[in-house]
Amino acid sequence: MLKLEPRPELSRFWSYGSPILALLITVLIGVALFAALGKDPVKGLQVFFYEPIKSGYAIGELMVKATPLLIIALGLAVCFRSNVWNIGAEGQFVCGAIAAGGVALLADKSTGSWIVVAILLAGIGGGMVWAGIVAFLRDKFNANEILVSLMLVYVATLMLSYLVFGPWKDPQGYNFPQTKTFEAVTQIPRLMKGSRVSIGLIIALVGAGALWVFLFRTRAGFAQQVGGLAPAAARYAGFSARRAVWIALLTSGGAAGLAGALEVAGPIGQLTPYVPAGYGFAAIIVAFVGRLHPVGMIFSAILMSMFYIGGELAQSRLGLPKSLTGVFQGLLLFTLLACDTLIAYRIRRKAGAKAATLTTSSLQVSTPITAPTAPVAPIAPTTRATEGGL
């Protein structure tokens, strides 16, 4: 039999090896899933892990998907390292998209290229406002930020639906629930011709570097992490717990709002009910698979974008439902949680009941029961009294 034995100290090897093992287990389960659905497992793995990187254009599309995931995950890492559980990044993403879209709709033929900066700032502001609601309720009323941030996702989605079905609906859009297509001047600049990769990729990579400096090279980043790991020690050191909550949530909300602005003023080019693509929830997996480290989250964002593109290709080429993307994301998360057990525990083999019985029997055979050769001395009364007192 096998048992889990606590390690004397956390394993550094499994801290980095656990995500790799989780990915391998996810792939094996995926092979079994394709076989159960009557599909060729090799083709199934090919659409998920080879097709997204087989050409320059495919890699560009991979970066388009990875950009919002990475930006949102960077903000969430600040929250999670501060022990602030922002689960509503999807709502902050949507609010950033709404704010950015509102600014983009103001543009006309005479508007200058400065509008791009205004759009990005509006997206950041929209996400920060939505996250600020969570911070205010947590700070003033000690509300649970998990529930508040999650419920605000639905409010943001309904607000978007109201706008695209009502006041912002394109009058020449054949009654489709969408705004008019934004002017060309509002388009986020692209890095190269013939590709949809925009400057958002550069912003994401610069943000990863900035987060590394903030977390590991500044006093403010140290204060955020101490407040999350040991609130009492943070108070003793003079760090403000309230400030940590506000910084974490506003940073996370601003990052999610920026991702929303880059999305609607980039690949989408308008507001539609389909702006909520699940990036805010998938970024939670990206953050934890990347170990809340900027470098790790870059790779996990690429992996998660492979799942997105692979799900779309599996739908068109293999006739499988697009929800397969969510299946792979969930498998990766749950296998990661299971493999993380190896960080604090190690697997040991223990003797079973049969082995214990054999051991007892052999002891009885090798040590026969015989009468004692010497009489046993009686216990003195004083000794009994003493033992009774003990």
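Under this note's numbering, the first residue of the sequence shown carries the number 1118, and numbering increases by one thereafter.
In this text, a Cβ means the ideal position worked out from N, Cα and C, and glycines have one as well.
Beta carbon of residue i nearer than 8 angstroms to that of residue j
| i | j | result |
| --- | --- | --- |
| T1143 | L1449 | yes |
| P1256 | R1359 | In the sequence as presented, Pro is not what sits at residue 1256; that position holds Asp. Result yes, Cβ atoms of D1256 and R1359 sit closer than 8 angstroms. |
| A1273 | A1239 | no |
| L1453 | F1405 | yes |
| L1388 | V1234 | no |
| A1365 | Q1341 | yes |
| L1237 | A1378 | yes |
| L1086 | A1194 | Not covered by the structure: residue 1086. The range shown for the chain is 1118 to 1507. |
| I1189 | A1376 | yes |
| P1411 | L1191 | yes |
| V1302 | I1241 | no |
| F1445 | F1416 | no |
| L1420 | R1198 | no |
| V1381 | A1214 | yes |
| L1127 | G1147 | no |
| R1334 | E1122 | no |
Bounding residues of the beta strand (DSSP E) (the contiguous stretch that carries residue i)
| i | result |
| --- | --- |
| Y1462 | Y1462 to R1466 |
| L1121 | L1119 to P1123 |
Residue of the options minimising C-alpha distance to residue i
| i | options | result |
| --- | --- | --- |
| L1346 | Q1163, C1196, E1126 and L1121 | C1196 |
| K1160 | R1466, G1427 and R1465 | G1427 |
| M1245 | S1266, L1119, L1441 and G1383 | S1266 |
| T1368 | L1138, Q1209, M1118 and L1277 | Q1209 |
| L1322 | E1380, G1413, E1300 and L1254 | G1413 |
| L1269 | E1207, L1154, W1202 and K1439 | E1207 |
| L1154 | L1437, R1465, R1466 and K1467 | L1437 |
| L1277 | F1258, C1212, Y1291 and G1242 | C1212 |
| D1225 | G1283, L1138, L1140 and Q1304 | Q1304 |
| L1186 | R1465, R1466, D1287 and Y1396 | Y1396 |
| M1309 | A1418, E1122, E1178 and R1466 | E1178 |
| S1422 | F1166, R1129, S1135 and L1141 | F1166 |
| Y1174 | F1339, G1447, G1311 and A1418 | G1311 |
| L1275 | P1294, Q1289, R1129 and L1140 | P1294 |
Cut-off 7 angstroms between Cβ atoms - residues of its own chain near residue i, not counting five sequence neighbours on either side
| i | result |
| --- | --- |
| R1124 | A1461, Y1462 and R1463 |
| M1180 | V1314 and L1318 |
| L1430 | V1164 and E1168 |
| I1263 | W1202 and I1204 |
| I1250 | L1269 |
| A1252 | V1362, W1363, L1366 and L1367 |
| P1348 | A1358 |
| L1138 | C1456 |
| Y1291 | none |
Within-8 angstroms CB hit, residue i to chain B
| i | result |
| --- | --- |
| F1299 | Among the protein chains of the structure shown there is no chain B, as only one such chain exists. |
Sequence-distant residues of the same chain with beta carbon closer than 6 angstroms to residue i, five excluded per side
| i | result |
| --- | --- |
| K1156 | L1435 |
| W1131 | L1459 and I1460 |
| T1484 | Residue placement at T1484 is poorly supported in this model, since its pLDDT is 48, which falls under 50; the coordinates still yield a value, given next. Counting only Cβ-Cβ distances below 6 angstroms, and skipping sequence neighbours, we find nothing. |
| A1152 | P1158 |
| G1371 | I1241, G1244 and M1245 |
| L1441 | G1428 and A1431 |
| N1200 | G1345 |
| G1407 | G1413, M1414 and S1417 |
| I1170 | I1176 |
Segment limits, alpha helix (DSSP H) that includes residue i
| i | result |
| --- | --- |
| S1172 | Neither: S1172 is in no alpha helix (DSSP H) and is coded neither H nor E. |
| Y1271 | E1262 to F1282 |
| F1339 | R1336 to L1346 |
| V1403 | Y1396 to V1406 |
| S1132 | R1129 to A1153 |
| A1224 | From DSSP, A1224 is part of no alpha helix (DSSP H); its letter is neither H nor E. |
| V1159 | P1158 to F1166 |
| Y1291 | Premise fails: Y1291 is in no alpha helix (DSSP H) and is neither H nor E. |
| L1367 | A1358 to E1380 |
| R1313 | Note, R1313: premise wrong, no alpha helix (DSSP H); not H, not E. |
| P1411 | P1411 to R1434 |
| D1256 | I1232 to F1258 |
| V1444 | L1441 to C1456 |
Beta-carbon proximity list for residue i, same chain, < 8 angstroms, skipping 5 on both sides
| i | result |
| --- | --- |
| L1222 | W1285, T1296, K1297 and F1299 |
| V1343 | A1350, A1351, A1354 and F1356 |
| V1482 | A caution first: V1482 carries a pLDDT of 48, below 50, which makes its placement in the model unreliable, though a value can still be read off. So no residue of the chain qualifies. |
| K1439 | G1428, E1429, A1431 and Q1432 |
| G1386 | T1298, F1299 and Q1304 |
| P1306 | V1233, S1315 and I1316 |
| S1230 | V1302 |
Heavy atom of the ligand MG within 7 angstroms of residue i beta-carbon
| i | result |
| --- | --- |
| P1306 | Absence of the ligand MG from the depicted structure is noted, as is the absence of any ligand whatsoever, leaving it without description. |
Taking 8 angstroms as the threshold, find out whether the region 1314 to 1325 comes into contact with the region 1396 to 1403 through three or more Cβ pairs. Output reads no: the region 1396 to 1403 does not touch the region 1314 to 1325.
Count the CB pairs spanning the region 1202 to 1222 and the region 1387 to 1398 that are closer than 8 angstroms, and state whether there are at least three. With contact defined as three or more Cβ pairs closer than 8 angstroms, the region 1202 to 1222 and the region 1387 to 1398 are in contact.
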